[in-house]
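Asker: Keeping their order, the protein sequence lines are chains A and B. All residue numbers for the first sequence refer to our numbering, where the first residue is 1 and numbers rise by one. All residue numbers for the second sequence refer to our numbering, where the first residue is 1001 and numbers rise by one. Yeah, the Cβ is synthetic: ideal placement off N, Cα and C, and Gly gets one too.
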Amino acid sequence: DGGITQSPKYLFRKEGQNVTLSCEQNLNHDAMYWYRQDPGQGLRLIYYSQIVNDFQKGDIAEGYSVSREKKESFPLTVTSAQKNPTAFYLCASSIGGGGPEAFFGQGTRLTVV
Amino acid sequence: GDSVTQMEGPVTLSEEACLTINCTYTATGYPSLFWYVQYPGEGLQLLLKATKADDKGSNKGFEATYRKETTSFHLEKGSVQVSDSAVYFCALTGTASKLTFGTGTRLQVTL
């Protein structure tokens, strides 16, 4: 089945540690996105990538980093510089080029302990 | 830049009531418009879409019409069910394939 997979579903991190969230898609989509969702809030764009080896900052990129070495993969690293990392993180992909809809993973809930 | 504004929730309705969730947008050019739905603890699923002015998207009894003159894409359903309880997001893709979301509207349907 084609789709977009995020792992893990739940993640706990100690303060001061970096952590990487995985996002893999087998839809052959060019564009991939990372969003952050806080309780009762909408989605805020962290980073997006329209093509392999290229990505752009979204609205809240500070304290996060990404890579896009393969078309299928777009991992997100939450660094220790992110002051309030506890949130629900959603990865999405789309064909790209504007217009078509995005497909979402099931999300990763990150909690800092 | 692009932006989406949707009505704040929560919206609480009795089963079989009519639903309208307002959504307006600001964008350059001709964006595509979407409604997504999110059930508790899950990612977002596409509910419906419209890619040009006057298009009507529809799915599962929900519908929305792309109104360029009023820059709106209101979500409607004639008779809601308890299973429709979820958070609904209005969104658009505009320049640079960037998907922009509204803040979401929580719908609670009671018996």
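If we cut at 8 Å on Cβ distances, does B:L1046 have a partner in chain A?
Answerer: Counted from its first residue, the second sequence places residue 1046 of chain B at position 46. So, interface residue.
Asker: Excluding sequence positions up to five away, which residues of its chain have a Cβ less than 8 Å from the Cβ of A:L11?
Answerer: Locating residue 11 of chain A in the first sequence gives position 11, counting from the first residue. Only V19, L21, T108, R109, L110, T111 meet the Cβ criterion.
Asker: Is A:K199 buried or exposed, if buried means 16 or more other CB atoms sit within 10 Å of its CB?
Answerer: Nothing can be reported for residue 199 of chain A: it is not among the residues displayed for chain A, which extend from 1 to 113.
Asker: Could you name the residues of chain B that A:F104 contacts, counting a contact when the two beta carbons are closer than 9 Å?
Answerer: What you label residue 104 of chain A is simply residue 104 of the first sequence in a count that begins at 1. Within chain B, the residues near A:F104 are Y1036, Q1038, E1042, G1043, L1044, Q1045, L1046.
Asker: Count the other CB atoms within 10 Å of the CB of B:G1041; is the residue buried (16 or more) or exposed (fewer)?
Answerer: Within the second sequence, residue 1041 of chain B is the residue found at index 41, counting from 1. Burial call: exposed.
Asker: Under 9 Å between beta-carbons, which chain A residues line up against B:G1104? List them in chain order, please.
Answerer: Within the second sequence, residue 1104 of chain B is the residue found at index 104, counting from 1. The answer, in chain order, is Q37, G40, Q41, G42, L43.
Asker: Under 6 Å Cβ to Cβ from B:T1026, same chain only, skipping five residues before and after it: list those, please.
Answerer: On the second sequence, residue 1026 of chain B is found 26 positions in, with the first residue counted as 1. Excluding positions up to five away in sequence, the list reads S1003.
Asker: With C-beta atoms as the reference, is A:H29 less than 8 Å away from A:S93?
Answerer: One-based indexing of the first sequence puts residue 29 of chain A at position 29. One-based indexing of the first sequence puts residue 93 of chain A at position 93. For A:H29 and A:S93, yes; Cβs fall inside 8 Å.
Asker: Given this structure, state the Cα-to-Cα distance separating B:V1014 from B:L1075, to the nearest angstrom.
Answerer: As a position in the second sequence, residue 1014 of chain B is number 14, starting the count at 1. As a position in the second sequence, residue 1075 of chain B is number 75, starting the count at 1. One detail in the question is off: residue 1014 of chain B reads as Ser in this sequence, not Val. Answer to the nearest angstrom: the Cα atoms are 17 Å apart.
Asker: Using the rule of at least 16 other Cβ atoms within 10 Å of the residue's Cβ for burial, across every protein chain shown, is B:K1098 buried or exposed?
Answerer: Residue 1098 of chain B sits at position 98 when you count from the first residue of the second sequence. Result: buried.
Asker: For A:G96, which beta-bridge partners are listed by DSSP?
Answerer: Taking the first residue of the first sequence as 1, we reach residue 96 of chain A at position 96. A:G96 is not bridged to any residue.
Asker: Using a beta-carbon distance below 8 Å, is B:L1099 in contact with chain A?
Answerer: Reading the second sequence from its first residue, position 99 is the one you call residue 1099 of chain B. B:L1099 counts as touching chain A.
Asker: Taking C-alpha atoms, which residue in B:G1043, B:A1053, B:D1084, B:P1031 lies nearest to B:F1059?
Answerer: Locating residue 1059 of chain B in the second sequence gives position 59, counting from the first residue. It should be pointed out that residue 1059 of chain B corresponds to Asn in this sequence rather than to Phe. When each option's Cα is compared against that of B:N1059, the closest is B:D1084.
Asker: Is B:R1106 closer than 8 Å to B:G1009 when the C-beta atoms are compared?
Answerer: Position 9 of the second sequence, counted from the first residue, corresponds to residue 1009 of chain B. Position 106 of the second sequence, counted from the first residue, corresponds to residue 1106 of chain B. Yes.
Asker: In the DSSP assignment, find the beta strand (DSSP E) that holds B:Q1108 and state where it starts and stops.
Answerer: In the second sequence, the residue the question calls residue 1108 of chain B occupies position 108. Unbroken beta strand (DSSP E) run through B:Q1108: 1105 to 1110.
Asker: Determine whether the beta carbon atoms of B:Q1045 and B:I1021 lie at a separation below 8 Å.
Answerer: If you number the second sequence from 1, residue 1045 of chain B lands on position 45. If you number the second sequence from 1, residue 1021 of chain B lands on position 21. Going by C-beta atoms, B:Q1045 is not nearer than 8 Å to B:I1021.
Asker: Going by the beta-carbon positions, is the gap between B:C1018 and B:G1078 smaller than 8 Å?
Answerer: Residue mapping note: residue 1018 of chain B aligns to position 18 of the second sequence, counting from 1. Residue mapping note: residue 1078 of chain B aligns to position 78 of the second sequence, counting from 1. Yes, Cβ-Cβ distance for B:C1018 and B:G1078 is below 8 Å.
Asker: Since A:A81 and A:G63 should fall inside the 8 Å C-beta cutoff, what is the C-beta to C-beta distance between them, to a whole number of angstroms?
Answerer: Residue mapping note: residue 81 of chain A aligns to position 81 of the first sequence, counting from 1. Residue mapping note: residue 63 of chain A aligns to position 63 of the first sequence, counting from 1. Going by Cβ atoms, the distance from A:A81 to A:G63 rounds to 4 Å, so yes, they are a contact pair.
Asker: What are the residues that DSSP puts in a beta bridge with A:K57?
Answerer: For the purposes of this step, residue 57 of chain A is taken as the residue at position 57 of the first sequence. Answer by DSSP bridge pairing, in chain order: A:Y47.
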